[in-house]
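Written below as structure tokens is the structure these notes are about.
In our numbering, the protein residues as written are 244 to 470.
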């Protein structure tokens, strides 16, 4: 089973082993994205009950979306890429469905850690609080790696992000976006997220940085787009 990648259980990671069958709980009103390694290309997808599930390969080539069409549907799915073969069991209505499942690769991570150990082993600060009822723009998680602040969002709507200075005035922070993750240079203590009339306020608070290797690795992989 996939494991949560951070504070929000709707975003999960799973370690790849070629003999494992990965179970994914799905829901009728939820789209689940399954993300393989960056640069990996999906060649074909086989589904046992193709009438009960809608499966699409995204334009990135390494992400598939899964959405059940019938309640209580259960079937198997096999994904062939240019690097690996993945086996899944899909089940509707048997548990809380994740929004996103990302694969990590233990062997490759260990090799990468040899050349990038300081970055992968660096603790991440996830101690942020937010106010506001705008669920559409509320981030799944906010963290920093000591150099930049990152915001990850669940849906297609990515809000504008502003820093807030000591006088309470909003200022431009020149964010950059890669997919559903936004990076802001530096370690601001307060931010405002805006989209139309929707507003979320986020404040950095005192907390203990996370050092769990799996969680640090999952966040470091999300930062990799900027390396």
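The C-beta atom is built at its ideal place from N, Cα and C for all residues, glycine as well. Note that this is a predicted model, so its numbers are computed, not measured.
{"Asked": "N-terminal and C-terminal residue of the beta strand (DSSP E) that residue 461 is part of", "Found": "No beta strand (DSSP E) holds residue 461; the alpha helix (DSSP H) holding it covers 456-466."}
{"Asked": "Backbone secondary structure at residue 379 - three-state DSSP", "Found": "helix"}
{"Asked": "Residue 356 versus residue 467 - alpha carbon distance", "Found": "Since pLDDT at residue 356 reaches only 46, below the 50 mark, its modelled position is unreliable, and the value read off the structure follows with that caveat. Each residue's Cα considered, the two are about 13 Å apart."}
{"Asked": "Beta-ladder partner(s) of residue 299, from DSSP", "Found": "308"}
{"Asked": "The segment 434-452 / the segment 369-384 touching (three or more Cβ pairs under 8 Å)", "Found": "yes"}
{"Asked": "DSSP bridge partner residues for residue 404 (one or two, in chain order)", "Found": "436"}
{"Asked": "Cβ-Cβ separation, residue 313 to residue 277 (assumed contact under 8 Å), whole Å", "Found": "Their Cβ separation, rounded to whole angstroms, is 20 Å, which puts residue 277 and residue 313 out of contact at 8 Å."}
{"Asked": "For residue 426 and residue 393, believed in contact at Cβ under 8 Å, the rounded distance", "Found": "5 Å"}
{"Asked": "Residue 435 versus residue 422 - alpha carbon distance", "Found": "20 Å"}
{"Asked": "C-beta atoms of residue 452 and residue 368 nearer than 8 Å", "Found": "yes"}
{"Asked": "Residue 254 versus residue 414 - alpha carbon distance", "Found": "30 Å"}
{"Asked": "Per-residue burial, residue 386 [other beta carbons within 10 Å of its own, 16 or more giving buried]", "Found": "buried"}
{"Asked": "Whether residue 344 touches residue 273 by CB criterion (8 Å)", "Found": "no"}
{"Asked": "Residue 327 versus 317, 318, 341 and 282, residue with shortest Cα-Cα distance", "Found": "282"}
{"Asked": "Cβ-Cβ distance between residue 324 and residue 279 below 8 Å", "Found": "yes"}
{"Asked": "Residue closest to residue 407, alpha-carbon to alpha-carbon, out of 446, 420 and 384", "Found": "446"}
{"Asked": "For residue 285 and residue 302, the rounded distance between their alpha carbons", "Found": "10 Å"}
{"Asked": "When 461, 299, 437 and 370 are compared against residue 448, the one with the closest alpha-carbon", "Found": "370"}
{"Asked": "Within 8 Å, strictly: CB atoms of residue 390 and residue 465", "Found": "no"}
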